[in-house]
Amino acid sequence: MKRITTIIAAFAACAALTACSSTPQNSDVSVSQNTDTFAGLKLKRAGITDRVVFNTLDELERSSHIAVVGTFINDAEQEVDYEYDPYFKKDIIVDINSANTIEVTKVLMGDVNVGDELKIDQNYGIVDGELITFSELTPMQKGDEWVFFLRKVAKSDHYICTAESDSRFPTKSSASKNGIMPLAEGAELGVYNEADFNDGIYKEIVEKYDV
Amino acid sequence: MKLKKYAAPFLAGLLAAVTVTSTASAHPYDYWQRIYLSKNDANIELYVLYTAQTELLTKENVYDYAINWNNISSDVSVSVEYQNTILPNSNGKWIVTGREFKNTNLGRMNPYDASGNLMDTTPGVNSDWSYVRIDINVDAEAFVDLKNGLITPSKLITNARKTFLHEVGHALKLSHPKQNSTLSGHTVSNGRPYAIMNQGYVRSSSEAVAPDIAFHDKVCLKTKWGV
Numbered sequence: 000m001k002r003i004t005t006i007i008a009a010f011a012a013c014a015a016l017t018a019c020s021s022t023p024q025n026s027d028v029s030v031s032q033n034t035d036t037f038a039g040l041k042l043k044r045a046g047i048t049d050r051v052v053f054n055t056l057d058e059l060e061r062s063s064h065i066a067v068v069g070t071f072i073n074d075a076e077q078e079v080d081y082e083y084d085p086y087f088k089k090d091i092i093v094d095i096n097s098a099n100t101i102e103v104t105k106v107l108m109g110d111v112n113v114g115d116e117l118k119i120d121q122n123y124g125i126v127d128g129e130l131i132t133f134s135e136l137t138p139m140q141k142g143d144e145w146v147f148f149l150r151k152v153a154k155s156d157h158y159i160c161t162a163e164s165d166s167r168f169p170t171k172s173s174a175s176k177n178g179i180m181p182l183a184e185g186a187e188l189g190v191y192n193e194a195d196f197n198d199g200i201y202k203e204i205v206e207k208y209d210v
Numbered sequence: 000m001k002l003k004k005y006a007a008p009f010l011a012g013l014l015a016a017v018t019v020t021s022t023a024s025a026h027p028y029d030y031w032q033r034i035y036l037s038k039n040d041a042n043i044e045l046y047v048l049y050t051a052q053t054e055l056l057t058k059e060n061v062y063d064y065a066i067n068w069n070n071i072s073s074d075v076s077v078s079v080e081y082q083n084t085i086l087p088n089s090n091g092k093w094i095v096t097g098r099e100f101k102n103t104n105l106g107r108m109n110p111y112d113a114s115g116n117l118m119d120t121t122p123g124v125n126s127d128w129s130y131v132r133i134d135i136n137v138d139a140e141a142f143v144d145l146k147n148g149l150i151t152p153s154k155l156i157t158n159a160r161k162t163f164l165h166e167v168g169h170a171l172k173l174s175h176p177k178q179n180s181t182l183s184g185h186t187v188s189n190g191r192p193y194a195i196m197n198q199g200y201v202r203s204s205s206e207a208v209a210p211d212i213a214f215h216d217k218v219c220l221k222t223k224w225g226v
């Protein structure tokens with residue numbers, strides 16, 4: 000498997016979004032993670048999954064290692080995975096992950112502290128002018144604040160949202176803090192489709208944690 | 000005789016009634032429109048790579064069940080072959096491969112265009128797929144449902160098999176049913192139909208996830224591909 004890693008750093012107005020690709024010769028090209036960046040991209044929601052689903056906060060908490068309120072602070076590190084496919088007889092993209100760093104501002108559950116910086120992997124990336132995502136969750140933009148229910152990734156110091164749109168939610172401050180994601184109808188909720196937002200668990204979170 | 004005179008129209012009407020009834024519970028976004036490039040109807044030939052074959056994910060426990068999608072719609076045919084050479088030799092078949100997902104995905108279906116580019120699966124975005132690749136999580140722990148009582152090999156196999164059949168359903172262009180109690184047949188778990196095309200683990204029959212292809216799945220398949 001071939002993996003292309005790109006550091007997505009904070010340079011404003013990347014003039015050549017098409018240069019922000021995963022080709023080896025452009026591995027250090029930077030793209031700022033803000034509204035302007037995403038506004039210039041074409042969205043491609045790739046793949047469709049069978050995943051673990053949670054119906055209650057109790058279920059979510061049992062399957063999560065930690066739960067925090069956090070703010071996205073750093074550049075995203077993107078990995079594009081290519082694999083040889085015998086049908087096409089060439090390498091094709093099979094997965095994309097972006098590692099986003101958050102700073103913990105409030106601990107709801109688990110062995111973690113305020114001020115800790117956590118890397119959260121999310122299943123999306125920018126390739127050749129396209130935002131390609133396998134995730135129901137929208138990408139995070141610098142300054143975004145969310146409630147996260149997280150699991151540690153095996154053999155890694157990274158975390159993942161325990162179950163996609165069942166495990167990342169807005170806070171009371173999110174509406175005023177978070178960047179507007181131009182490619183999503185459920186941007187304030189952090190999802191591409193409002194139908195994917197788990198309103199039931201969200202209400203339980205608000206009632207229990209007052210976030 | 001009078002009985003013979005009326006039998007044919009009666010049977011035709013009965014067939015029409017059954018057909019209408021059987022398609023009544025398929026809803027918009029239960030399936031993608033369009034078909035595939037260079038394929039006749041939904042004749043799917045799958046090729047299971049070594050990477051997808053584990054102690055849990057075996058031919059007998061999981062992959063042979065793909066044929067359960069047969070004999071529902073006359074335009075749907077699913078067959079499975081297995082890699083048995085060091086280098087895969089799929090001969091144009093669609094790949095089933097194993098993957099260690101970083102997240103809690105149990106499986107994933109990726110459609111591609113003729114050039115090997117990922118295609119858009121947004122609900123309502125409809126296009127002809129050239130190729131489909133199915134990834135199954137090779138971490139057996141992914142199929143452990145902590146909420147379903149004692150963890151047994153049987154339950155692991157049920158969940159793994161369900162995931163594979165679910166992904167084959169996606170390859171046949173069926174999508175996840177919407178959660179909406181106003182839709183016909185959406186009578187469990189706050190507005191879902193009982194179906195294998197729901198995401199998640201198999202639990203009790205009062206919950207929405209079916210361990211095998213259920214009535215709602217069959218209706219959607221026939222609505223999509225014909226009776």
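Protein chains in written order, with numbering that gives the first Met the number 0: chain A, 0 to 210; chain B, 0 to 226.
The beta carbon of each residue, even a glycine, is placed where N, CA and C say it ideally should be.
Nothing here was measured: the structure is a model prediction, and the numbers come from that model.
Around E135/A, the same chain offers E163, S164, V190 and D195 as residues with beta carbons nearer than 6 Å, after the five sequence neighbours per side are excluded. In the three-state reduction of the DSSP assignment, I95/A falls in the strand class, which pools E and B. In the structure shown, the three-state DSSP call for E116/A is strand. Chain B has a Cβ within less than 8 Å of the Cβ of R61/A. At least one beta carbon of chain B lies nearer than 8 Å to the beta carbon of E58/A.
Taking 8 Å as the cut-off between beta carbons, the residues of the region 95–120 of chain A near chain B are N96 and D120, in sequence order. Under the DSSP definition of a beta bridge, K176/A lacks any partner. Scanning Y64/B, G199/B and T50/B for the CA closest to the CA of P87/B turns up T50/B. The C-beta of D29/B comes no closer than 8 Å to any C-beta of chain A. Here G106/B carries a strand assignment [DSSP, helix/strand/coil]. Cβ-Cβ distances below 6 Å link S173/A to E144 in the same chain, with the five nearest sequence neighbours on each side left out; the list follows chain order. About 26 Å separates the beta carbon of V52/A from that of V103/A, a gap too long to meet the 8 Å contact definition. When Cβ pairs closer than 8 Å are counted between the two stretches, the region 118–129 of chain B is seen not to touch the region 211–226 of chain B, the count staying below three. When Cβ-Cβ separations below 8 Å define contact, S174/B makes contact with chain A. Under the DSSP assignment, A170/B falls outside any beta strand (DSSP E), being part of the alpha helix (DSSP H) whose first and last residues are P152 to A170. With fewer than 16 other Cβ atoms from the protein chains shown falling within 10 Å of its own Cβ, G114/A counts as exposed. For the region 34–55 of chain A, residues whose beta-carbon sits nearer than 7 Å to a beta-carbon of chain B comprise K43, R44, A45, G46, I47, T48, D49, R50, V51 and V52.
At least 8 Å separates the CB of Y64/B from every CB of chain A.
For the pair V210/A and K171/A, the CB atoms are nearer than the 8 Å cut-off. Nearest to I94/B by C-alpha distance, out of N96/A, D84/A, I91/A and A98/A, is D84/A. In terms of CA proximity to G168/B, I71/B leads the group T53/B, L155/B, V137/B and I71/B. In this structure, the CA atom of E99/B is about 32 Å from the CA atom of N189/B.
Secondary structure note for S78/B: it is in no alpha helix (DSSP H), and the uninterrupted beta strand (DSSP E) holding it is V75 to Y81. A Cβ-Cβ distance of about 4 Å is found for the pair P210/B and V201/B, placing them in contact under the 8 Å criterion. With a 10 Å radius around the Cβ and a threshold of 16 neighbouring Cβ atoms, M0/A comes out exposed. Contact with chain B is absent for D198/A, since none of that chain's Cβ atoms lies less than 8 Å from the residue's Cβ. By the neighbour-count definition (other C-beta atoms within 10 Å, threshold 16), I179/A is an exposed residue.
At least 8 Å separates the beta-carbon of A45/A from that of A75/A.
About 19 Å separates the beta carbon of I92/A from that of L36/B, a gap too long to meet the 8 Å contact definition. Closest option to G184/B, judged by alpha-carbon separation, among H215/B, S114/B and V47/B: H215/B. With a threshold of 8 Å between beta carbons, P85/A makes contact with chain B. Between Y193/B and chain A, the shortest Cβ-Cβ separation is not below 8 Å.
Looking at T48/A, K43/A, L42/A and I3/A, the one whose alpha-carbon comes closest to that of L173/B is T48/A. In the DSSP assignment, T132/A forms a beta bridge with R44/A and Y123/A.
Taking 8 Å as the CB threshold, F133/A lines the interface with chain B.
Around the beta carbon of Y28/B, a 10 Å sphere encloses fewer than 16 other beta carbons of the protein chains shown; the residue is thus reported as exposed.
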